[in-house]
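Novice: Numbering (my numbering), first residue to last: 1 to 89.
Glycine included, C-beta positions come from ideal geometry on N, C-alpha and C.
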């Protein structure tokens, strides 16, 4: 439960950081300063990727079936029969 709360707070703070960076760029442009687009792009990309990661982790907690991105880390428990003569039944 604490992890979910921490993730929600982190997600909200990253969204606020993205909004703040846009507002800061507009304010600096109004004062005659030219804000760097690369800083703004970096902030937006970092917050979006962090939000995607948090969403993926939270959805993994609530869903019973493993996601596709977990399949490479979780070995398959099903046994595949290659030779039909060895199959039972």
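Straight-line CA distance for residue 6 to residue 41?
Specialist: As a first step, residue 6 must be located in the chain shown, where it is residue number 6. As a first step, residue 41 must be located in the chain shown, where it is residue number 41. Approximately 25 Å between the Cα atoms of the pair.
Novice: How big is the Cα-Cα spacing for residue 12 and residue 27?
Specialist: The residue labelled residue 12 in the question sits at position 12 within the chain shown. The residue labelled residue 27 in the question sits at position 27 within the chain shown. Roughly 22 Å separates the two Cα atoms.
Novice: Compare the C-alpha of residue 46 against each of 23, 16, 2 and name the closest.
Specialist: Reading the chain shown from its first residue, position 46 is the one you call residue 46. Comparing Cα-Cα distances from residue 46 to each of 23, 16, 2, the minimum goes to 16.
Novice: Mapping DSSP to helix, strand and coil, what is residue 15?
Specialist: Indexing the chain shown from 1 puts residue 15 at position 15. Three-state DSSP puts residue 15 in a helix.
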